[in-house]
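Below you'll find the structure, written out as structure tokens, and then a few comments.
In our numbering, the protein residues as written are 174 to 251.
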């Protein structure tokens, strides 16, 4: 049980990285097509966007892992 706070911290950090990475991709598309949110955007859209960003970040990480660009386990087969 003493490892629980460390495990929770690693879980949260990993998920935040997915949200930040996915958010960067979504933000880039919104910027490119001139659809950035304004001051009157409800908070619910930001929460929904964070969920979508998590999915996008996780999908991109898995895709790049499959094609061999990212090695999440730290194993060098060469």
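Quick reminder that beta carbons are idealized off the backbone N, C-alpha and C, glycines included.
All values reported here derive from a predicted model rather than from experimental measurement.
Whether residue i touches residue j by CB criterion (8 Å)
{"i": "residue 200", "j": "residue 230", "result": "no"}
Residues near residue i in its chain [Cβ-Cβ closer than 8 Å; skip 5 each side]
{"i": "residue 234", "result": "191, 194, 243, 245"}
{"i": "residue 223", "result": "192, 196"}
Where residue i falls, given that 16 or more other Cβ within 10 Å makes a residue buried
{"i": "residue 227", "result": "buried"}
Proximity test, residue i beta-carbon vs the ligand SAH heavy atom, cut-off 7 Å
{"i": "residue 210", "result": "Ligands displayed in this structure: none; no statement on the ligand SAH is therefore possible."}
Cβ-based neighbour list, residue i, same chain, cut-off 6 Å, excluding 5 preceding and 5 following
{"i": "residue 198", "result": "229"}
{"i": "residue 196", "result": "226"}
Nonlocal neighbours in the same chain, by C-beta distance under 7 Å from residue i, ignoring five residues either side
{"i": "residue 209", "result": "203"}
{"i": "residue 236", "result": "none"}
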